[in-house]
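Student:
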Amino acid sequence: MKLTINGKEQDYQGEEDRPLLWYLREDLKLTGTKFGCGVAACGACTVLVDGQPTRACITPAASLEGKKITTIEGLDGKAGEAVQKAWTELDVVQCGWCQSGQIMTATALLTATGPVNNNGATALIFAHEGVAEEVAAEASRLFLGVQIQCANCHD
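Every letter in the sequence shown is one number past the one before it in my numbering, and letter 76, counting from 1, is 456.
1) Any idea which residues DSSP pairs D391 with across the strands?
2) Throw me the rounded Cβ distance for the T451 and V419 pair, which I believe falls under 8 Å.
3) Just tell me which of W402, A492, G416 has its CA closest to the CA of A459.
4) Can you pull the DSSP bridge partners for V427?
5) Looking at C-alpha atoms only, which residue of G454, L401, L408 is the closest neighbour of G423?
6) What number of angstroms, rounded off, separates the C-alpha of Q390 from the C-alpha of E406?
7) I need the straight-line Cα distance from T468 to C475, nearest angstrom please.
8) What does the alpha-carbon distance come out to for the pair G387 and P399?
9) Among residues of its own chain, excluding the 5 on either side of K447, which ones have a beta-carbon nearer than 6 Å to its beta-carbon?
10) How about Q479 and V473: are their beta carbons less than 7 Å apart?
11) Would a C-beta distance cut-off of 7 Å place A486 and V463 closer than the cut-off?
12) Between which two residues does the alpha helix (DSSP H) carrying T450 extend?
13) Determine, using beta carbons only, whether M381 and E445 come nearer to each other than 7 Å.
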């Protein structure tokens with residue numbers, strides 16, 4: 381089975397129920413997508429599948445044939461660059477573990493041409509010429525369905 385990840389065709393020969401997260405991290409060595417909770421609640425494992433934020437920890441890799449999968453390593457384009465720039469300028473980073481999931485979700489919102497489903501939360505944001513950077517800065521201030529667990533981890 382062929383999967384398209386970051387614009388490159390990959391040959392997937394794993395189990396049907398193997399989560400995409402482990403294929404990305406273990407087989408392809410794309411470690412920017414993080415393991416957080418394993419139940420799709422925290423969002424650290426968020427990737428884009430056909431532009432939609434998707435939790436890689438519960439999504440079987442085999443279910444994604446014919447879909448375009450983008451990880452933090454493959455994020456490009458005006459919206460992705462604007463979000464990453466805003467993240468840096470606003471000094472959003474804490475420990476950094478969940479940041480890739482937040483950036484992927486914010487980018488999905490900026491590039492949406494319709495509703496974006498973020499694990500049950502739906503938002504509709506259009507990025508128009510000339511406002512993408514402003515929208516990115518505002519979106520970067522939000523957690524967008526990605527739970528920050530740093531305070532819990534460092535008791």
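Don't be surprised by glycine CBs; every beta carbon is placed ideally from N, CA and C.
Tutor: In short:
1) BP columns for D391 point to K382.
2) In fact, because the Cβ distance is near 20 Å, the residues do not count as touching under 8 Å.
3) Restricting attention to W402, A492, G416, the CA atom closest to the CA of A459 is found in A492.
4) V427 is bridged by DSSP to T434.
5) Nearest option by C-alpha distance: L401.
6) Between Q390 and E406, the C-alpha separation is close to 14 Å.
7) Using only the alpha carbons, I get a separation of about 13 Å.
8) Looking at the two C-alpha atoms, the distance is approximately 20 Å.
9) Here the set comprises V429, D430.
10) Contact flag set, yes.
11) Between A486 and V463, the gap from beta carbon to beta carbon is short of 7 Å.
12) Boundaries around T450 are those of the beta strand (DSSP E), 448-450, since no alpha helix (DSSP H) includes it.
13) Yes.
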